[in-house]
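Following: one structure in structure tokens, then a few remarks.
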Amino acid sequence: MINQLVNHLRSNIRQQLPKPIQYWLSARMSNWAIGIYVGSSPLDLKPASSIKQPVISREDISDRHASLVADPFMIKNQETWYMFFEVMNQDLNLGEIGLATSTNGLTWQYQQIVLTESFHLSYPYVFQWEGNYYMVPETGESQSIRLYKATYFPLQWNFIEVLLEGLEFLDTSIVFYNNLWWIFTETSLKGQNDTLRLYYAANLQGKWQEHPLSPIIQNNPHIARPAGRILNLGDRLIRYAQDCFPIYGTQVRAFEITDISPETYIEKQIGAEPLLTASGKGWNKSGMHHIDGHQLNDGSWIACVDGRWDYR
0 MINQLVNHLR SNIRQQLPKP IQYWLSARMS NWAIGIYVGS SPLDLKPASS
50 IKQPVISRED ISDRHASLVA DPFMIKNQET WYMFFEVMNQ DLNLGEIGLA
100 TSTNGLTWQY QQIVLTESFH LSYPYVFQWE GNYYMVPETG ESQSIRLYKA
150 TYFPLQWNFI EVLLEGLEFL DTSIVFYNNL WWIFTETSLK GQNDTLRLYY
200 AANLQGKWQE HPLSPIIQNN PHIARPAGRI LNLGDRLIRY AQDCFPIYGT
250 QVRAFEITDI SPETYIEKQI GAEPLLTASG KGWNKSGMHH IDGHQLNDGS
300 WIACVDGRWD YR
């Protein structure tokens, strides 16, 4: 218990510091890497045993001096899987968006950096809509949520417009459901990771409105911060949440959204135990905080995840 409190205090103190110093400290206290999990459902996933984990680490990044890789999202186009993820550029102390490819979703080859800005980028939430590929990366350092569109997928991305601005929006997650677009995003002050806001719009580039019940989570670092793609299973949505206690990057919990409309919002936690947590050894021995799951043609599921191991 004392160790948990010490870690919590250490994390809170670190998150009061300027962002570049936070990134510098984080890279020297922990390392993050990316793995692949498989299973019978998006709520029952285990490490793929047929491959070497992690599938992408900082050592794979050939065009940057990288201190970590994290926040993977993947999407399939014809016979190729494309994975986009944060690459922490150690020389600039800024996150950039990298690309890896795979023919089977299990073994991956790093390609290159595909998106950079003058501010930190991470959490590259990529999705397809009406024949086009879009990305909503985390751009909280710019105090905005920004929409990008692929002009030459997967290598070239152009900024389209600002969807929301005025707050430090973190790990923004977007989904189309019941004929509306929905944005879930974390906005707590001073990095407390305890506030989840909800917005909606009739069109992707339309006028976004904050939900009347937003923030839908307050003062709860166990379940507020988004942890990956929101799954639209037809009759329900699954939301993954980071459990940021005692520190950021501890584990991931799953929630079923049972009612969502411009007036209502209800969700319930799925199971008492976290979906992803520290393994106690290897590349994810100290914690996990992200998942992006996809159903395969045979009905099984595959997901890219990330994990950390601490140097201390």
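Position one of the sequence shown corresponds to residue 0 (numbering that gives the first Met the number 0), numbered consecutively onward. Think of the CB as a built atom: it goes at the ideal place given N, C-alpha and C, for glycine as much as any other residue.
CB-CB length for residue i against residue j, believed under 8 Å
i, j, result
"isoleucine 237", "alanine 253", "6 Å"
"glutamate 266", "isoleucine 256", "5 Å"
"glycine 34", "proline 53", "5 Å"
"aspartate 305", "alanine 47", "Not quite, the Cβ-Cβ distance comes to about 14 Å (not below 8 Å), so this is no contact."
Test item: CB-CB of residue i and residue j under 7 Å
i, j, result
"histidine 210", "leucine 197", "yes"
"histidine 288", "glycine 248", "yes"
"tryptophan 107", "leucine 67", "no"
"tyrosine 81", "threonine 100", "yes"
"glycine 97", "isoleucine 112", "yes"
"cysteine 243", "asparagine 296", "no"
"leucine 166", "threonine 138", "no"
Residue from the options with nearest C-alpha to residue i
i, options, result
"alanine 277", "Asp309, Ala201, Ser48 and Glu255", "Asp309"
"alanine 65", "Leu91, Met73, Glu167 and Gln191", "Leu91"
"leucine 162", "Ala200, Gly130, Leu154 and Phe175", "Ala200"
"leucine 146", "Asp297, Trp207 and Tyr109", "Trp207"
"serine 40", "Asn218, Gly292, Asn192 and Phe83", "Gly292"
"valine 174", "Leu166, Thr184, Phe168 and Glu167", "Thr184"
"leucine 120", "Phe126, Pro136 and Trp128", "Pro136"
"glutamine 89", "Tyr122, Asp62, Phe72 and Ile269", "Asp62"
"tyrosine 133", "Lys148, Glu95, Ile144 and Ile269", "Lys148"
"glutamine 337", "Thr138, Asn283 and Phe152", "A question about residue 337 goes unanswered here, because the residues of the chain that appear run from 0 up to 311."
"isoleucine 144", "Met28, Ile60, Gln204 and Met87", "Gln204"
"isoleucine 60", "Phe84, Ile269 and Glu167", "Phe84"
"glycine 270", "Arg224, Lys189, Tyr239 and Leu232", "Tyr239"
"methionine 321", "Thr115, Lys51, Gln142 and Ser285", "Outside the modelled stretch of the chain, which goes from 0 to 311, sits residue 321, for which no answer is possible."
Proximal residues to residue i (C-beta, below 6 Å), its chain only, five neighbours per side dropped
i, result
"threonine 150", "Asn157"
"histidine 7", "For histidine 7, the predicted structure reports a pLDDT of 48, less than 50, and the residue's modelled location is therefore unreliable. A value from the coordinates is still provided. The answer, listed in chain order, is Pro245."
"leucine 93", "His119"
Cβ shell of residue i (< 8 Å), same chain only, five flanking positions each side left out
i, result
"threonine 79", "Thr100, Ser101 and Thr102"
"serine 49", "Leu105"
Sequence-distant residues of its chain with Cβ nearer than 7 Å to residue i (five each side left out)
i, result
"leucine 230", "Pro41, Leu236, Ile237 and Gly292"
"asparagine 218", "Asp193"
**Request:** Go through the segment 76-143 residue by residue and report every complete run of the beta strand (DSSP E) that reaches 3 residues or more, in order.
**Result:** Complete beta strand (DSSP E) runs here, min 3: 79-88, 93-101, 108-114, 121-128 and 131-137.
**Prompt:** Which full runs of the beta strand (DSSP E) of 3+ residues lie inside the segment 276-311, going along the chain?
**Reply:** 286-294 and 300-309
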